[in-house]
Amino acid sequence: MNICVFLSAADLDDRYTRPARDFARLLGKGGHTLVWGGSDVGLMKVVADGVQEAGGRLLGVCVEFLAAKARPGADEMVIAKDLGERKRLLLEKADAVVIMVGGTGTLDEATEILELKKHGHTDKPVVLLNTAGFYDGLKEQFRRMEDEGFLPRPLSDLVFFAEEPVGALAYLEESRGTA
Numbered sequence: 048m049n050i051c052v053f054l055s056a057a058d059l060d061d062r063y064t065r066p067a068r069d070f071a072r073l074l075g076k077g078g079h080t081l082v083w084g085g086s087d088v089g090l091m092k093v094v095a096d097g098v099q100e101a102g103g104r105l106l107g108v109c110v111e112f113l114a115a116k117a118r119p120g121a122d123e124m125v126i127a128k129d130l131g132e133r134k135r136l137l138l139e140k141a142d143a144v145v146i147m148v149g150g151t152g153t154l155d156e157a158t159e160i161l162e163l164k165k166h167g168h169t170d171k172p173v174v175l176l177n178t179a180g181f182y183d184g185l186k187e188q189f190r191r192m193e194d195e196g197f198l199p200r201p202l203s204d205l206v207f208f209a210e211e212p213v214g215a216l217a218y219l220e221e222s223r224g225t226a
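With the numbering used here applied, the sequence shown has no gaps in its numbers, which climb one by one up to 226 at the end.
#1: Under DSSP, the alpha helix (DSSP H) around methionine 147 begins and ends at which residues?
#2: Compare the C-alpha of alanine 143 against each of Val88, Glu195, Leu185, Phe207 and name the closest.
#3: Would you mind giving the Cβ-Cβ distance between methionine 147 and alanine 67, rounded to the nearest angstrom? I have them listed as a contact below 8 Å.
#4: When DSSP labels each residue in this structure, what does threonine 178 get in the three-state scheme?
#5: At which residues does the alpha helix (DSSP H) containing glycine 224 begin and terminate?
#6: Tell me the DSSP secondary structure of alanine 127 in three-state form.
#7: From the DSSP output, read off the bridge partner residues of threonine 80.
#8: So, are the CB atoms of leucine 219 and proline 172 less than 8 Å apart?
#9: Measuring only between beta-carbons, confirm whether alanine 127 sits less than 8 Å from chain C.
#10: Please return the same chain residues whose Cβ sits closer than 8 Å to the Cβ of arginine 223, not counting the five positions on each side in sequence.
#11: Tell me which same chain residues have a C-beta within less than 8 Å of the C-beta of leucine 163, skipping the five on either side of it?
#12: Who are the Cβ neighbours of aspartate 69 in its own chain at under 6 Å, not counting the five residues just before and after it?
#13: What number of angstroms, rounded off, separates the C-alpha of aspartate 129 from the C-alpha of lysine 76?
#14: From valine 108 to phenylalanine 53, what does the alpha carbon distance come to, in whole angstroms?
#15: Evaluate the contact criterion for the stretch 170 to 189 versus the stretch 81 to 91: three or more CB pairs, one atom per stretch, below 8 Å.
#16: Can you tell me whether alanine 127 is buried or exposed? The criterion is at least 16 other CB atoms within 10 Å of its CB, across all chains shown.
#17: Since alanine 56 and leucine 90 are thought to touch, with beta carbons under 8 Å apart, how far apart are those beta carbons, to the nearest angstrom?
#18: Hey, would you say leucine 202 sits closer than 8 Å to glutamate 193, going by beta carbons?
#19: Given this structure, state the Cα-to-Cα distance separating glutamate 100 from leucine 74, to the nearest angstrom.
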């Protein structure tokens, strides 16, 4: 399975890097391909390293203005002209999506895939990996949106919330019939 991971390129502490590395190893051991932003820095590097070390493939989609930070040695690297094209290509190449900790770019990517699902433009499974409670506030906001009628579909149809890497991958494999 091609699993797109939206995540930060920032250097983060162990409470975020350890679970990301654990997920990456599970992904690689499962024979899956990481589809990611292509950067060889921060948490993006941690995940790419873990996938590659565990025998998985790397398919990067880097944006032109960050091409100097693209990971050498990826199995495939595509350079997009801008962030919009990068998002489109990441989603096109993915069978499933995992949202890990990140900043505004990650949040932008996450809301785009959820909006596409909301309108029936994709049926790809989406997991929000809530490492160290990072997305507790967002989870609460999504539930409020659902409770107050802002979502035309149940929240559970849009996203699965996982607290641990093993639960995230198990959900994806079950959703895609590869478990």
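Glycine residues also receive a C-beta, built at the ideal position from the N, C-alpha and C atoms. What you are looking at is a predicted structure, and each value in this text was computed from that prediction instead of being measured.
For this structure:
#1: By one-based count along the sequence shown, residue 147 stands at place 100. Segment: none, methionine 147 is in no alpha helix (DSSP H) and carries neither H nor E.
#2: In the sequence shown, residue 143 corresponds to position 96, counting from 1. Among Val88, Glu195, Leu185, Phe207, the Cα nearest to that of alanine 143 is on Phe207.
#3: As a first step, residue 147 must be located in the sequence shown, where it is residue number 100. As a first step, residue 67 must be located in the sequence shown, where it is residue number 20. Indeed, because the Cβ distance is near 6 Å, the residues count as touching under 8 Å.
#4: On the sequence shown, residue 178 is found 131 positions in, with the first residue counted as 1. Threonine 178: helix per DSSP, three-state reduction.
#5: Here the question's residue 224 lines up with position 177 in the sequence shown. Taken as a continuous stretch (DSSP letters only), glycine 224 belongs to no alpha helix (DSSP H), as it is neither H nor E.
#6: As a first step, residue 127 is located in the sequence shown; it is residue number 80 there, counting from the start. DSSP places alanine 127 in strand when its eight states are reduced to three.
#7: Looking up residue 80 in the sequence shown gives position 33. Looking at the DSSP assignment, threonine 80 forms a beta bridge with Asn49, Arg104.
#8: Translated into positions along the sequence shown, residue 219 becomes position 172. Translated into positions along the sequence shown, residue 172 becomes position 125. In contact: leucine 219 and proline 172 (Cβ atoms closer than 8 Å).
#9: Chain labels in this structure do not include chain C; a single protein chain is all it has.
#10: Position 176 of the sequence shown, counted from the start, is the residue given in the question as residue 223. So the list reads Met48, Asp142, Ala143, Pro172, once near-sequence residues are dropped.
#11: Indexing the sequence shown from 1 puts residue 163 at position 116. Taken in chain order, the residues that qualify are Leu138, Thr169.
#12: For the purposes of this step, residue 69 is identified with residue 22 of the sequence shown, where counting begins at 1. Pro212.
#13: Indexing the sequence shown from 1 puts residue 129 at position 82. Indexing the sequence shown from 1 puts residue 76 at position 29. About 32 Å.
#14: Along the sequence shown, one-based indexing puts residue 108 at 61. Along the sequence shown, one-based indexing puts residue 53 at 6. Each residue's alpha carbon lies about 11 Å from the other.
#15: no
#16: On the sequence shown, position 80 is the one that residue 127 refers to. That one is buried.
#17: As a first step, residue 56 is located in the sequence shown; it is residue number 9 there, counting from the start. As a first step, residue 90 is located in the sequence shown; it is residue number 43 there, counting from the start. Yes, they are in contact, since the Cβ atoms of alanine 56 and leucine 90 sit about 7 Å apart, within 8 Å.
#18: Your numbering for residue 202 matches position 155 in the sequence shown. Your numbering for residue 193 matches position 146 in the sequence shown. The answer is yes: Cβ separation under 8 Å.
#19: The residue you call residue 100 lines up with position 53 of the sequence shown. The residue you call residue 74 lines up with position 27 of the sequence shown. When rounded, the distance between both Cα atoms is 11 Å.
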